[in-house]
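Data block below; observations after.
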Amino acid sequence: MKSLPEGFRALVIGAGGALGSAFVQLLNGDPRCATAHALGRHTDPPIDLTDGASIEAAALCLREQAASSPWHLIIVATGVLHTTQVQPEKRLADLSAAAMEEVFRINTFGPALLLRHFAPLLDRQRSVMAVLSARVGSIGDNRLGGWYSYRASKAALNMMVKTAAVEMRRTHPGAVLTALHPGTVRSGLSRPFRGDEIGREPLAAAADMLNALDGLSAEDSGCFLAYDGQRLPW
């Protein structure tokens, strides 16, 4: 990423997933990147989006480093669309409080706590924190309906990012916070929905997103961005 300082420090949260591991691989191959630190459920320290204490503990482990060497790029490559117990709802009649809570816990509550604990670790002069969202979380772009919990959880996540960007502008004027739509990627998340057929390879998708992030300036903080650089409606 040419817009970040030479020797920039990157952190990928959710590095065990298809996109997360692709981001780590690409950043490790970038000669301008001094370190690409990976965090996930099985790293040291571990981080679990359903466990707020683990999020805080992981941030504390990195905070001491960030005091002298802040992070220039933080990517939150996490999210859930379905589990063995939860599937995207097609109708209002499919809604369940338990399923909604499970989806929101990973797509909204966890990333919100990541913003709380990790955004302050960003470099004040020039840095980017991108949280993976989804185009279907756009209220203005919703023409097909369905997928109630997933759509709503991503719309709520977008508001968290936008609101955090307003606050961070006061203390970190050079930091950019953005909600980032990856498009359809060949992964476990998209596989039941023809993802392997219509999706892009994780490395290609991650490269597109890094390129889109590279074009952002401080004035763009709080935007909803697609992998191709397109600005998406809220």
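According to my numbering, the sequence shown is numbered sequentially starting from 804.
Even for Gly, the Cβ is constructed at its ideal location relative to N, Cα and C.
Could you tell me which residues DSSP pairs with R1034 in its beta bridges?
L1028
Span separating the alpha-carbon of H875 from that of C836
C-alpha separation (whole angstroms): 10 Å.
Mark V879 as exposed unless 16 or more other C-beta atoms lie within 10 angstroms of its C-beta, in which case mark it buried.
buried
Environment of P1005 [buried if 16+ CB atoms lie within 10 Å]
buried
Count the C-beta pairs between the stretch 838 to 847 and the stretch 817 to 828 that are closer than 8 Å, then say yes if the count reaches three, no if not.
These segments touch.
Would you say M971 and L980 are within 8 Å of each other, going by their C-beta atoms?
yes
Quick check on this structure: which residue in G949, A959, A1029, L814 has the alpha carbon closest to the alpha carbon of R908?
A959
Between V969, L814, M963, P985, which lies nearest to T911 when the distance is taken from Cα to Cα?
M963
Taking D1023 as the reference, give the member of R929, S857, H885 with the closest Cα.
R929
Rounded to a whole number of angstroms, what is the C-alpha to C-alpha distance between G998 and L916?
Residue confidence for G998 is low, a pLDDT of 48 falling below 50, so the modelled location carries little weight; the figure read from the coordinates is stated next. Their backbone Cα atoms lie some 29 Å apart in a straight line.
Sorted by chain position, which residues of the same chain lie with C-beta nearer than 7 Å to W950's C-beta, five sequence neighbours on each side aside?
P891, E892, V939
Assuming the contact rule is C-beta atoms closer than 8 Å, V969 and G1025 should be a hit. Round their C-beta distance to whole Å, please.
7 Å
Whole-angstrom distance between H920 and H975, CA atom to CA atom
14 Å
Less than 8 Å between the C-beta atoms of A856 and A922, yes or no?
no
Which residue marks the beginning of the alpha helix (DSSP H) containing H984, and which one marks its end?
Counting along the chain, H984 falls outside any alpha helix (DSSP H), though it belongs to the beta strand (DSSP E) covering 978 to 984.
Just to confirm, is the Cβ distance from R1034 to G977 under 8 Å?
no
Those runs of the alpha helix (DSSP H) which lie wholly inside the stretch 895 to 928 and span at least 4 residues
Assignment of alpha helix (DSSP H) within the stretch 895 to 928, counting only whole runs of 4 or more residues, yields 900 to 907, 913 to 921 in chain order.
Distance CB(G943)-CB(W1037) smaller than 8 Å
Between G943 and W1037, the CB-CB gap stays under 8 Å.
On the DSSP bridge assignment, give the partners of M932 in chain order.
M932 is bridged to I877, L980.
Counterpart residues of I942 in DSSP-defined beta bridges:
Answer by DSSP bridge pairing: none, since I942 is not bridged.
Just verifying my parser: in three-state terms, what is the DSSP assignment at L814?
strand
Taking its Cβ as the centre, do 16 or more other Cβ atoms sit within 10 Å of R894, making it buried, or is it exposed?
exposed
For the candidate residues S872, A933, N1014, whose alpha-carbon lies nearest to that of D833?
N1014
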